[in-house]
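Take a look at the structure below.
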DNA sequence: CAATTTTCTGAACACCGTTTAGCATACGGC
DNA sequence: GCCGTATGCTAAACGGTGTTCAGAAAATTG
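Chains as they are written, first to last, in the working numbering: chain A, 1 to 219; chain B, 1 to 219.
Below, the structure is given as structure tokens:
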């Protein structure tokens, strides 16, 4: 009775096909070019068909965002590898920031969809929504990294989760400002931007380094 | 010949009326509710009339944004006053951050229009555009404050402008993440958010504090 | 092959930003 | 006061959007 299963598979294939089409349009033409009609044209179905697979555009975008977090995961992997396996937690923390910034630079439209969209978790349900669902992998990795840095005595702060949030906010903010062109006059190139990100992470990390590194006083 | 002047005044009044209507709609109903038609309805004119006073929606939004920066200026003024006149530059820096965050909390839709809109400075002309035009007051104030902190020996960094950008990015990022609901599970209340902002500014400020505060060694 | 279920779509709806042709009104010169 | 003109304004339309729904088309079943 493989016939029902084949139907199931085809259905699933079309569903993911829709998501991929949306992802590609966002990547290639930008968010503004992403309409139900443009997706429909690309997959060669009627716009109405999409609504048989997704409740509305919001839900479809949710899937695109999920895919975005997976793509970002690749960047994280790369930067961690680049940092080397002998990197200490603080260096890994920098690697995560670099990954985030680089992902944003190379996937601007994607980044916008993921973080700057009206979003509106439709106050109430906020579990199955946005980064809560797919992003936590990255968020948790960041928190764990900072926790390890604390354990290693590299960072001194009260709460790893708060520290992770701050670190995230720092890089996210710089990235968001850069991408939106709010500091274009100050950052003429992507290199300049990446450098500022490094400086920023240095500043923050420096602020977390214990003041007196256990210098036992000789009486 | 007061007649031409009266006409001029009426024209100007309608123009600012349009901007105020747009501002109010954004404040009251959110950005999504802001359409040329909704503005027209509020000012009791035809939608087409708006185009006699503004080139397009983008230009109109520019004026709204300008008004937004002025409103933010009020917050800055308040927080600086709250900090007191004897506050040192580092404390003033914190006050600026508080103002930014509080403004965002109390004018969410406004904040979004100002910083998270597609923006697109239409690469090329970027003078008369966005924060470059109206925001620089705030940006420059931040840069000056940090420069003063450097001069006072409170902060130790290479470039005040870069420092200002980093400080801005930090608060902006946290704010943007909070407003977009990306860290809702971690920040249940506005108070919790404001506290994280304080902690974040402390961390960054701490990272900028000179390591050894000129402790002349006695030989 | 006929009946039924499943999958899909054409057409419509209400909205959007924007343009244009034309309608009133208020003005300046006679 | 009247007339031509310049000004301010708008109704209607255009092409776009997300979304819905009756019904066509196709695939599966008996």
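For every residue, glycine included, the Cβ atom is placed at its ideal position computed from N, Cα and C.
Residues in the stretch 197-208 of chain B having any Cβ partner in chain A nearer than 8 Å: 199, 200, 202, 203, 204, 205, 206, 207 and 208
Given this structure, state the Cα-to-Cα distance separating residue 195 of chain B from residue 95 of chain B, to the nearest angstrom. 13 Å
Backbone CA spacing between residue 49 of chain A and residue 169 of chain B [nearest angstrom]: When rounded, the distance between both Cα atoms is 42 Å.
Test item: CB-CB of residue 75 of chain A and residue 109 of chain A under 8 Å: Their beta carbons are not under 8 Å apart, which means residue 75 of chain A does not touch residue 109 of chain A by this criterion.
Integer-rounded CB distance, given that residue 162 of chain A should sit under 8 Å from residue 199 of chain B: About 6 Å separates the CB atoms of residue 199 of chain B and residue 162 of chain A; that is less than 8 Å, so the two are in contact.
Pairwise C-alpha distance: residue 62 of chain A and residue 129 of chain A: For residue 129 of chain A, the predicted model reports a pLDDT of 45, less than 50, meaning its position is unreliable; a value from the coordinates is still stated below. For residue 129 of chain A and residue 62 of chain A, the distance between alpha carbons rounds to 8 Å.
What are the start and end residues of the alpha helix (DSSP H) that includes residue 115 of chain A? 108-115
With 8 Å set as the bound, which would you pick, yes or no: does the beta-carbon of residue 186 of chain B sit closer than that to a beta-carbon of chain A? Cβ-Cβ to chain A under 8 Å: yes for residue 186 of chain B.
Tell me whether residue 139 of chain A is buried or exposed, calling it buried when 16 or more other Cβ atoms sit within 10 Å of its Cβ. buried
Beta-carbon contacts of residue 19 of chain A that lie in its chain and below 8 Å, excluding the five residues immediately before and after: So the list reads 60, 63, 64 and 67, once near-sequence residues are dropped.
Under 8 Å by Cβ, that's how I've got residue 89 of chain A and residue 141 of chain A pegged, so tell me the actual separation to the nearest angstrom. That pair is no contact at about 11 Å.
Partners in chain B for residue 172 of chain A, counting only beta-carbon separations shorter than 9 Å: 169, 172, 173, 174, 176, 177 and 182
Which one of B:87, B:47, B:181 and B:116 has the shortest CA to CA distance from residue 174 of chain A? B:116
If you measure from the beta carbon of residue 141 of chain B to each beta carbon in chain A, is any gap under 8 Å? no
Any idea what DSSP makes of residue 182 of chain B, helix, strand or coil? coil
Continuous alpha helix (DSSP H) stretch holding residue 202 of chain A: start and end: Note, residue 202 of chain A: alpha helix (DSSP H), 190-208.
Name the chain A residues that come within less than 9 Å of residue 60 of chain B, Cβ to Cβ? Result: empty, since nearest Cβ-Cβ is about 18 Å, beyond 9 Å.
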